[in-house]
Ligand code: B12
Ligand code: SF4
Ligand code: SF4
């Protein structure tokens with residue numbers, strides 16, 4: 001007996017897209033989970049040459065990172081989703097603060113928020129395809145989400161290395177749903193061409209000179225230095241950190257695609273990503289250990305209190321002497 005072929009139906013894909021929009025995902029695309037040669041070679045070199053600084057976890061599972069189809073047996077397609085996170089109400093606050101927390105981290109932990117939504121979407125897909133194998137990822141799985149988003153037509157990879165969508169800019173999270181269903185031949189996500197052209201604003205404004213076009217020098221990036229390095233910000237970078245104590249948004253703030261008229265007022269649809277009172281307090285005053293311990297379900301908790309505290313104090317010291 002021959003088995004029916006596992007191929008998505010175009011109308012059902014449209015239903016899946018519709019439901020993803022109901023859940024709040026604004027960007028949707030589908031592609032094959034295979035890297036293009038240039039990207040594969042670059043990523044391979046990046047791993048081999050240990051360009052990931054102290055993020056030693058980056059070299060785990062290279063057979064998946066370089067061949068994302070290996071994340072699920074017989075994986076044939078990956079649905080890539082974008083979720084807009086910027087809370088417009090934070091814009092005035094962040095502009096006038098000495099201590100800055102990246103826009104993506106002011107709400108509840110996006111891993112938890114989006115994992116729940118992805119589970120709902122998986123359930124929805126299984127209504128139509130009971131025999132489907134699915135695996136969802138949000139950030140922490142060893143798959144190159146930006147490259148897959150680029151192939152799925154969510155945006156182009158800018159010179160600041162983020163995925164930028166011409167309509168909504170770059171303040172969105174990426175998630176992936178890998179499946180063992182093929183993409184129908186009449187459904188093709190078209191790749192968006194590079195819109196950066198002659199612009200170099202992100203490169204010129206990066207305070208630590210961490211950017212070369214389309215390439216990030218990890219150990220110079222404030223985002224890395226404040227979240228992933230696991231040591232206090234070294235002196236040489238402190239004076240350049242511009243108040244960023246957790247993450248850094250400078251190369252996105254200056255990007256014209258986040259400043260265009262229709263985008264500059266855009267705000268998240270997800271209440272879980274709005275500025276939390278606890279974060280507001282932290283921006284105004286260094287939290288006591290107890291306050292930090294009580295802060296639950298926050299991206300900030302990736303950093304140890306002792307490191308956060310030292311960075312916070314050092315940044316203020318520098319800013320203070322500057323005045
Ligand atoms: C490791 C990591 C980091 C590291 C390294 C960042 C980086 N640029 O790679 C650090 C801690 C610094 C970081 C910071 C940030 N991150 Co981060 N990060 C990741 C993670 C886990 C892996 C990314 C990765 O594979 N990097 C490795 C390098 C090699 O990849 P790459 O920059 O994409 O480089 C490719 C291209 O340059 C290209 N290329 C191909 N050919 C060639 C040839 C040449 C010559 C060159 C130069 C390049 C090139 O291919 C390369 C290889 O893949 C992803 C989640 C995931 N699972 O994918 C989130 C992710 C990329 N991060 C995200 C975010 C939001 C951020 C921050 C904005 C957070 C913040 N505000 O502080 C910053 C942005 C800093 C920046 N300018 O990139 C989002 C991006 C969403 C989007 N719209 O693009 C992701 C997708 C998380 C998510 N699920 O939403 N991050
Ligand atoms: S996140 Fe900040 S430090 Fe890192 S590349 Fe962008 S502007 Fe530079
Ligand atoms: S600031 Fe300019 S060069 Fe940088 S990502 Fe945006 S459009 Fe591209």
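Numbering (the numbering used here), first residue to last: 1 to 323. Positions of the beta carbon are idealized from the N, C-alpha and C atoms, including for glycine.
Own chain, CB closer than 7 Å to residue i, minus 5 neighbours either side, in chain order
i	result
residue 310	232
residue 326	The requested residue 326 does not occur in the structure, where the chain is confined to residues 1 to 323.
residue 220	208, 209, 210
residue 227	246, 247, 302, 303
residue 279	101, 106
residue 191	150, 151, 153
residue 19	121, 124
Neighbourhood of residue i by C-beta distance below 8 Å, restricted to the same chain and skipping five residues each side
i	result
residue 126	132, 134
residue 307	230, 231, 232
residue 182	5, 6, 7, 8, 76, 77
residue 161	146, 211, 214, 215, 216
Counted within 10 angstroms of its Cβ, other Cβ atoms place residue i as buried (16 or more) or exposed
i	result
residue 65	buried
residue 9	exposed
residue 49	exposed
residue 186	exposed
residue 315	buried
residue 145	buried
residue 150	buried
residue 276	buried
residue 329	Only positions 1 to 323 of the chain appear in this structure, which leaves residue 329 out of reach.
residue 297	exposed
residue 216	buried
residue 121	buried
residue 69	buried
residue 14	exposed
residue 193	exposed
Near ligand 4: residue i beta-carbon under 7 Å from a heavy atom
i	result
residue 67	You won't find ligand 4 in this model; what it holds is ligand 1, ligand 2 and ligand 3.
Spatial neighbours of residue i in its chain, beta-carbon cut-off 6 Å, leaving aside the 5 residues before and after
i	result
residue 110	173
residue 286	312
residue 100	94, 243, 244
residue 299	105, 109
I'd like the ranges of any alpha helix (DSSP H) spanning at least 4 consecutive residues and lying wholly in the region 133-201.
Listed in chain order, the complete alpha helix (DSSP H) runs (minimum 4 residues) inside the region 133-201 are 145-151.
Output the residues surrounding ligand 3, defined as those with a CB atom closer than 5 Å to any ligand heavy atom, in chain order.
158, 159, 160, 196, 199, 201, 202, 255
Could you say if the region 263-276 and the region 163-181 meet the contact criterion of at least three C-beta pairs nearer than 8 Å?
yes
Kindly provide the chain-ordered list of residues whose Cβ lies closer than 6 Å to any non-hydrogen atom of ligand 2.
160, 206, 208, 210, 211, 216, 221, 222, 223, 248, 250, 251
Decide yes or no for the touch test of the region 194-210 against the region 245-256: beta carbon pairs closer than 8 Å, at least 3 of them.
In short, these stretches touch, since the Cβ pair count reaches three.
Restricting to runs no shorter than 3 residues, where is the beta strand (DSSP E) found entirely within the region 231-299?
244-246
With a cut-off of 8 Å, do at least 3 Cβ pairs link the region 115-129 to the region 92-106?
no
Are the region 51-61 and the region 154-161 in contact at 8 Å, needing three or more beta carbon pairs?
Between the region 51-61 and the region 154-161, the count of Cβ pairs shorter than 8 Å is below three; the stretches do not touch.
Length-filtered (3 minimum) beta strand (DSSP E) runs lying within the region 53-85
Listed in chain order, the beta strand (DSSP E) elements of length 3 or more contained wholly in the region 53-85 are 77-84.
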